[in-house]
Amino acid sequence: MFRYLTLLIIAASIVLPRVTATGGPAPAAAAPPAADDDPRPCSLLTPDLPRSDECDAEIAANPLPEFERPIEYDAVRDGEATPRSILMPEEPLPYPIAQQRRAWYFSDVPGVLPADDDWTAARRVAREEMSYVYHTVDVNGVIWHLIGPGMWMEDQYTSVLVVPNRPDEVRGRWVAIDLNQQTLIAFEDDTPILASLVSTGYFLQTTPGLFHVYARTEGMVMRGPPGANPPEYEFYTRWVMFFNADQGLHAMPYHNYFGIARTHGCINVPPGDEEWLWNFFAENEDEWHPSFPDTFQVDDIDAAPWVYIYESDSIPAAWSY
């Protein structure tokens, strides 16, 4: 959450967007389970049975496809940040996909860390590496995901991409932010287009709910947190889109910890991915902000893109769209 002090235009009367109830629809429901006499073998795994030949065969038969990454790293634009975006497939995949938030070591058994002499490079899953989530279990309140044959990863180290249902009010282009998984998905109606990792509120919460973009600028200096005098931080950022008072989406070139909550309420997006989102929304800006760039406040807030902030379940659902 930031105080934006450089744009004097905001001192004028600004109409904040209408906010709907924070509940919203639940994430997309899981696909119907397989017949009881023929379930997916990996779905039978438990902490007491963490691996089976049948599950290994299922994994071998369903490798992760390659995804198109539309954004290449640009040192001037991106700074310390790495673009994390992928283009979403046209059809739902058989399993949810995950991207490693930070490098860590997989376990053979969910809930059991490797032996002291077994923290090896062979166990280390690199940051940004992607995988299918073939199964998920809860061990004493801690979620573990099966990301490969006998490879269990605790959920704090990986972000699972959950595809939510479109809220009833929403039409056209919109973006969903999952506070639990720290992910972003850009949609056109019911079709997911692009997904990335983000960083949302830690010191101050990013407010769940359904909002419109109500103000935007291609670049500004942010200072904060609110009430701090002198401010604790001050930095320049680009492609800023405010949706709930001081909370907005904006580029963050000064860290590379996407997938981990760390802000004062704003949503940090890798700069290349945020530029893509800005351009995605701007393609029809004549319908909702025709006076841009001369004005900061959106002309028709009710017609502006929606921002859906929600929290998915810890057990990821299968994709359905």
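Start counting at 1 in the sequence shown, then tack on 844, and there's your number in our numbering.
Glycine residues also receive a C-beta, built at the ideal position from the N, C-alpha and C atoms.
This one's a predicted model, so the numbers in the text were calculated from it and none came from an experiment.
Just to confirm, are residue i and residue j a CB contact at a threshold of 8 angstroms?
i: S1059; j: F1086; result: Looking at the sequence itself, residue 1059 is Ala, so the reference to Ser does not match. In contact: A1059 and F1086 (Cβ atoms closer than 8 angstroms).
i: Q1025; j: G1109; result: no
i: V925; j: H1094; result: One detail in the question is off: residue 925 reads as Ala in this sequence, not Val. Cβ atoms of A925 and H1094: not closer than 8 angstroms.
i: P891; j: V1004; result: no
i: N1112; j: S1040; result: no
i: L1121; j: A1030; result: yes
i: G1053; j: I1145; result: no
i: L931; j: E912; result: yes
i: T1051; j: V1084; result: no
i: N906; j: P933; result: no
i: V1170; j: P940; result: Residue 1170 lies beyond the range of the chain shown here (845 to 1165); nothing can be said about it.
i: S1158; j: D962; result: no
I'd like the span of the alpha helix (DSSP H) that includes residue i, first residue to last.
i: N1088; result: Unbroken run through N1088 is the beta strand (DSSP E), Y1077 to N1088; no alpha helix (DSSP H).
i: E1118; result: P1115 to A1126
i: R1060; result: No alpha helix (DSSP H) holds R1060; the beta strand (DSSP E) holding it covers A1059 to G1068.
i: A1148; result: Neither: A1148 is in no alpha helix (DSSP H) and is coded neither H nor E.
i: D922; result: A919 to D922
Relative to the C-alpha of residue i, which candidate in the options has its C-alpha closest?
i: G1063; options: L1048, G1092, F1055 and I1037; result: G1092
i: H989; options: W1120, S951 and A905; result: S951
i: P954; options: A905, S975, T980 and P1070; result: T980
i: W948; options: D962, V969, P940 and P936; result: V969
i: E1118; options: P1075, V1142 and L1038; result: L1038
i: W1107; options: Q1141, M1066, G1045 and S929; result: Looking at the sequence shown, residue 1107 is not Trp but Thr. Comparing Cα-Cα distances from T1107 to each of Q1141, M1066, G1045 and S929, the minimum goes to G1045.
i: L889; options: D1138, Y1165, W996 and V1142; result: W996
i: S1164; options: G923, V1006, L1023 and L1028; result: V1006
i: A904; options: V986, C886, R1010 and Y917; result: C886
i: E1013; options: S1156, D1157, E1131 and V1151; result: V1151
i: P936; options: R1067, L908, I915 and Q944; result: L908
i: P914; options: W1132, N906, D1022 and G1116; result: G1116
i: S929; options: P938, V920, Y939 and Q944; result: Q944
i: A919; options: M1096, Y978 and P1036; result: M1096
i: Y1047; options: P1036, G1068, D1033 and F1055; result: What sits at residue 1047 in the sequence shown is Phe, not Tyr. Of the listed residues, the one whose Cα sits closest to F1047 is G1068.
i: D897; options: M974, I987, D961 and G994; result: G994
i: I991; options: E998, G985 and S975; result: S975
i: T1027; options: E973, D1138, A942 and F1140; result: A942
Beta-carbon within less than 8 angstroms of residue i's beta-carbon, same chain only, minus the 5 sequence neighbours each way: which residues are those?
i: R946; result: R971, Y1001, Y1101, G1103 and I1104
i: P1134; result: D1143
i: N1128; result: G1016 and R1017
i: D900; result: P993 and G994
Does residue i get closer than 8 angstroms to chain B when you measure Cβ to Cβ?
i: M1096; result: Protein chain content of the structure displayed is limited to a single chain, and chain B is not contained in it.
Apart from the five residues just before and just after residue i, which ones in its own chain have a Cβ nearer than 6 angstroms to its Cβ?
i: P1149; result: R1017, W1018, V1057 and F1125
i: A966; result: none
When burial is assigned at 16 or more other CB atoms within 10 Å of the CB, is residue i buried or exposed?
i: L957; result: exposed
i: N836; result: With the chain covering 845 to 1165 only, the question about residue 836 has no answer from this structure.
i: V1142; result: buried
i: R1010; result: buried
i: R1015; result: exposed
i: S1156; result: buried
i: A879; result: A caution first: A879 carries a pLDDT of 41, below 50, which makes its placement in the model too unreliable to give a value.
i: D1022; result: buried
i: T1081; result: buried
i: D1034; result: exposed
i: D922; result: buried
List the endpoints of the continuous beta strand (DSSP E) containing residue i.
i: D897; result: Counting along the chain, D897 falls outside any beta strand (DSSP E), though it belongs to the alpha helix (DSSP H) covering D897 to A905.
i: D1022; result: R1017 to D1022
i: Y976; result: M974 to Y976
i: T980; result: H979 to V983
i: S996; result: Going by the sequence as given, residue 996 is Trp instead of Ser. First-last of the beta strand (DSSP E) with W996: M995 to E998.
i: E1032; result: T1027 to E1032
i: V1004; result: T1002 to V1004
i: H1056; result: G1053 to H1056
Please return the same chain residues whose Cβ sits closer than 7 angstroms to the Cβ of residue i, not counting the five positions on each side in sequence.
i: A1147; result: E1131 and W1132
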